[in-house]
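Worksheet: one structure, shown below.
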Amino acid sequence: MNDIATAVAAEPTPAPSSLPHHVFLIDGSGFIFRAYFARAKDPKAERFRTTRGVPTEVVMIFSNMLDKYLRETDADHIAVIFDASGRSFRNEMYSEYKANRREMPDDLAPQLEHVRRAAEAFGVCQIEMENFEADDLIATYARHAVETGAKVTILSSDKDMMQLVSDGRVMMRDPMTDRPIGEAEVREKFGVGPDKVIEVQALCGDSTDNVPGVPGIGVKTAAELINSYGDLETLLAHVHEIKQPKRREALIENEAKARLSKELVKLDDDVPLPCPLSDLRVAPYDPEKLFPFLDEMELRALKSRIEKRLAITAPAAPVGPTEPVIPEIPSFSMPRTYAVVDTMEGLDHWIEAAEQAGHVALWPAPSLVSGTRPEFCGLALAVSPGLAAYVPLGHRPTELFESGGGLSREDAVARLKPLLEHPGVLKIVHDAKGAAHLLRRYAIALNPYDCTMLMSYVLDGGQFDHTIEEVARRALEHELVPQKEILGTGKNLICFAELTSAAARDFAAERADRSCRRSRRWRMPASRSVAPRSPNCRRILRAASPV
Numbered sequence: 005m006n007d008i009a010t011a012v013a014a015e016p017t018p019a020p021s022s023l024p025h026h027v028f029l030i031d032g033s034g035f036i037f038r039a040y041f042a043r044a045k046d047p048k049a050e051r052f053r054t055t056r057g058v059p060t061e062v063v064m065i066f067s068n069m070l071d072k073y074l075r076e077t078d079a080d081h082i083a084v085i086f087d088a089s090g091r092s093f094r095n096e097m098y099s100e101y102k103a104n105r106r107e108m109p110d111d112l113a114p115q116l117e118h119v120r121r122a123a124e125a126f127g128v129c130q131i132e133m134e135n136f137e138a139d140d141l142i143a144t145y146a147r148h149a150v151e152t153g154a155k156v157t158i159l160s161s162d163k164d165m166m167q168l169v170s171d172g173r174v175m176m177r178d179p180m181t182d183r184p185i186g187e188a189e190v191r192e193k194f195g196v197g198p199d200k201v202i203e204v205q206a207l208c209g210d211s212t213d214n215v216p217g218v219p220g221i222g223v224k225t226a227a228e229l230i231n232s233y234g235d236l237e238t239l240l241a242h243v244h245e246i247k248q249p250k251r252r253e254a255l256i257e258n259e260a261k262a263r264l265s266k267e268l269v270k271l272d273d274d275v276p277l278p279c280p281l282s283d284l285r286v287a288p289y290d291p292e293k294l295f296p297f298l299d300e301m302e303l304r305a306l307k308s309r310i311e312k313r314l315a316i317t318a319p320a321a322p323v324g325p326t327e328p329v330i331p332e333i334p335s336f337s338m339p340r341t342y343a344v345v346d347t348m349e350g351l352d353h354w355i356e357a358a359e360q361a362g363h364v365a366l367w368p369a370p371s372l373v374s375g376t377r378p379e380f381c382g383l384a385l386a387v388s389p390g391l392a393a394y395v396p397l398g399h400r401p402t403e404l405f406e407s408g409g410g411l412s413r414e415d416a417v418a419r420l421k422p423l424l425e426h427p428g429v430l431k432i433v434h435d436a437k438g439a440a441h442l443l444r445r446y447a448i449a450l451n452p453y454d455c456t457m458l459m460s461y462v463l464d465g466g467q468f469d470h471t472i473e474e475v476a477r478r479a480l481e482h483e484l485v486p487q488k489e490i491l492g493t494g495k496n497l498i499c500f501a502e503l504t505s506a507a508a509r510d511f512a513a514e515r516a517d518r519s520c521r522r523s524r525r526w527r528m529p530a531s532r533s534v535a536p537r538s539p540n541c542r543r544i545l546r547a548a549s550p551v
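The following block contains the structure:
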């Protein structure tokens, strides 16, 4: 047993998951213009230039902004999204779209390239795509991030992006004032919630982007109409009920403009991603890349602050061999993110994260009660402590699937099979034998895997029960929700397939999360072979070979 403890103590820290917890999406083009014109309006503002005469005002503000959010927030994925030069697909819909935009000032144009270089120097991914605006890319990345269970912050005050706001999932923040923008702020501006913003904009238009709207209808009137009729099409269908003659006639005469305006302001959240979400992961500062750029731009104060921070926080180089450290198991009291993955794109994100991490904890959900022949109802995946998802595959019509939504079991199983059989990805399961039998019915040979039930028995033998609930209670001081609490007992017993989405997600994901946490301490390094001392232990380990 001492050999086992020694091997466990030498376990390396697992690689961080590529799945995001918090994604920051910066509207780079919007920030540049806002920063420039805000300073241009202030006659007292100092005009910054290098000794060579290169203007650096916007570069300085942008660089300080990046440093602030990289330093002060918990964002683990971040990107700056720019508008590509030239026309977008909206110009094909309406040739006058953004036709009233002013010419770029002479002292701003040379700074654009330096702003992009600043993002590169700070190690922040920068993205743009021809024929699409930054808003569309931000909408698409936000949707992908939410599908993985992450929260999203959009650094922008652009009113077009307020249609994306969803408290608890997608928030905005004004990077100039640091003011948060949630559903309450959207209602204050538009008089409706985020889901109705495009309906209001279809009526009132947008003079900044030259979106026509309906002449004579402003934001307040548009909000009143949408709150009364629900959406643009319903309003137009009942336009003859409008009592005010001028308003009624304006709507009738400009019906086509209203519909066109709605298409112009609606963001496209299905843009082909130039790079995967995982590429947005925040990286530590690289002084060899960052400091030469700050020197060139003569941003001495910013460089000095960063140098001081790096000197304080830089880890000391190891001087010699150190004692192995048993990895800490994060407490269940810490924040957790459990998601429902019911799209193929969302499933692909989790599969990619598992492959990059090299391990994934599983909890397969059988659809029927114990003692019957089960179907594959769903699968919970955990790639790191507190980050798990439930993939529903065989639920009966409930709130989650009331309209027939969700993944096709056949398609999802086909997509999951390579991961569950991948020789380079360790699968962590409690009761691997039962899981392997269930998955074998779908031609999946689970391999390789660790069984935390078996590990518990090897370490503690007959001293305790080895159910997942008992192991969580003993090893993690956490009470898992009992099965009878959500499935009932006796006449009230239901099968797992009848659970609501929230109940199925939390029950299954918590169990996968538990296996992920406990395996961090129990898993032995592959480079070291430990022979158990007792014949009983050897029999148990031989029985753990792939089914």
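All residue numbers for the sequence shown refer to the working numbering, where the first residue is 5 and numbers rise by one. Even for Gly, the Cβ is constructed at its ideal location relative to N, Cα and C. Nothing here was measured: the structure is a model prediction, and the numbers come from that model.
What separation, rounded to the nearest whole angstrom, lies between the Cα atoms of Asp195 and Ser232?
-> In the sequence under discussion, the amino acid at residue 195 is Gly, which differs from the Asp named in the question. Going by the C-alpha atoms only, they are around 12 Å apart.
For Ala262, which residues of its own chain have a beta-carbon under 8 Å away from its beta-carbon, when the five flanking residues on both sides are left out?
-> Contacts found: Ala206, Leu207, Gly217, Val218, Leu236, Leu240, Leu255.
Beta-bridge partners of His81, as assigned by DSSP = DSSP lists Val27, Arg285 as the bridge partner or partners of His81.
Verify whether the separation of the beta carbon atoms of Gly398 and Arg413 is less than 7 Å.
-> If you check the CB distance, Gly398 and Arg413 come in under 7 Å.
Taking Thr347 as the reference, give the member of Leu284, Tyr394, Arg309, Gln487 with the closest Cα.
-> Taking Thr347 as reference, the option from Leu284, Tyr394, Arg309, Gln487 with the minimal CA-CA separation is Tyr394.
Can you give the Cα-Cα distance for Ala321 and Phe86, rounded to whole angstroms?
-> Confidence at Ala321 is low in this model, with a pLDDT of 47, below 50, so its placement is unreliable and no value can be given for it.
Nearest candidate by alpha-carbon position, reference Lys437, set Ala513, Glu267, Leu366 = When only C-alpha atoms are compared, the closest one is Leu366.
Shortest alpha-carbon distance to Glu151 belongs to which of Ala392, Ala361, Leu306?
-> Among Ala392, Ala361, Leu306, the Cα nearest to that of Glu151 is on Ala392.
Straight-line Cα distance separating Ser519 from Thr181 | Cα to Cα, Thr181 sits roughly 43 Å from Ser519.
Could you name each continuous alpha helix (DSSP H) segment of 4 residues or more that falls completely within the region 366-454, going from the start of the chain to the end?
-> The alpha helix (DSSP H) runs lying completely inside the region 366-454 and spanning 4 residues or more are 413-425, 436-444, given in chain order.
Would you give the residue range spanned by the beta strand (DSSP E) that Ala501 belongs to?
-> Here Ala501 belongs to no beta strand (DSSP E), and DSSP marks it neither H nor E.
How big is the Cα-Cα spacing for Ala507 and His426?
-> Approximately 30 Å between the Cα atoms of the pair.
Is the Cβ-Cβ distance between Ala384 and Ala501 less than 7 Å?
-> Note that the C-beta distance between Ala384 and Ala501 is not below 7 Å.
Whole angstroms is fine: what's the gap from Glu132's alpha carbon to Lys247's?
-> Spanning the alpha carbons of Glu132 and Lys247 requires a straight line of approximately 47 Å.
By how many angstroms is the C-alpha of Val156 removed from the C-alpha of Arg340?
-> When only Cα atoms are considered, Arg340 and Val156 end up about 16 Å apart.
Take every Cβ of the region 22-39, pair it with every Cβ of the region 60-77, and state whether three or more of those distances are shorter than 8 Å.
-> Between the region 22-39 and the region 60-77 there are three or more inter-stretch CB-CB distances shorter than 8 Å, so the stretches are counted as touching.
Under 7 Å Cβ to Cβ from Pro24, same chain only, skipping five residues before and after it: list those, please.
-> Asp80, His81, Ala149, Thr152, Ala154, Leu281.
Which class does Val458 belong to by DSSP, given the choice of helix, strand or coil?
-> Note on residue identity: the sequence assigns Leu, not Val, to residue 458. Three-state DSSP puts Leu458 in a helix.
Out of Glu379, Glu259, Met301, Arg53, state which residue places its alpha-carbon closest to the alpha-carbon of Tyr446.
-> In this structure, Glu379 is the residue among Glu379, Glu259, Met301, Arg53 with its C-alpha nearest to the C-alpha of Tyr446.
Do Val215 and Leu271 have their C-beta atoms closer together than 7 Å?
-> No.
To the nearest angstrom, how far is it from the Cα of Tyr342 to the Cα of Pro422?
-> Tyr342 and Pro422 have their alpha carbons spaced roughly 23 Å apart.
Excluding the five sequence neighbours on either side, which residues of its own chain have a C-beta within less than 7 Å of the C-beta of Leu112, listed in chain order?
-> Excluding residues up to 5 positions away in sequence, Tyr40, Val62 lie with their Cβ nearer than 7 Å to the Cβ of Leu112 in the same chain.
Excluding sequence positions up to five away, which residues of its chain have a Cβ less than 6 Å from the Cβ of Ile27?
-> In the sequence as presented, Ile is not what sits at residue 27; that position holds Val. Its chain contains His81, Ala149, Ala154, Val156 as the residues whose beta carbon lies nearer than 6 Å to that of Val27, once the 5 sequence neighbours on both sides are disregarded; these appear in chain order.
Cα-Cα separation, Ala14 to Arg521 = The predicted position of Ala14 is uncertain, since its pLDDT is 38 and thus under 50; a value taken from the coordinates is nonetheless stated next. Rounded to the nearest whole angstrom, the C-alpha separation of Ala14 and Arg521 is 17 Å.
The region 198-205 / the region 223-231 touching (three or more Cβ pairs under 8 Å) | The region 198-205, when compared against the region 223-231, does touch it at the 8 Å Cβ threshold.
Helix, strand or coil at Cys279 [DSSP, three-state] | Three-state result, Cys279: coil.
Pull up the CB-CB distance for Val275 and Asp140, whole angstroms please, since I reckon it's below 8 Å.
-> About 5 Å separates the two Cβ atoms, so the contact holds.
With distances taken Cα to Cα, identify the nearest neighbour of Phe35 among Ala138, Phe52, Lys102, Ile230.
-> Ranking Ala138, Phe52, Lys102, Ile230 by CA distance to the CA of Phe35 puts Ala138 first.
Per-residue DSSP class, three states only, for Pro114 | The DSSP-derived three-state label of Pro114 is helix.
Identify the residues that DSSP records as bridge partners of Ile131: which are they?
-> Beta-bridge partners assigned by DSSP to Ile131: Ile85.
Can you tell which of Val128, Ala361, Leu74, Ile472 has its C-alpha closest to the C-alpha of Gly428?
-> Residue Ala361 is the option with its Cα nearest to Gly428.
Grab me the residues of Arg191's own chain with a C-beta within less than 8 Å of its C-beta, minus the 5 sequence neighbours each way, in chain order.
-> Correct list, in chain order: Gly197.
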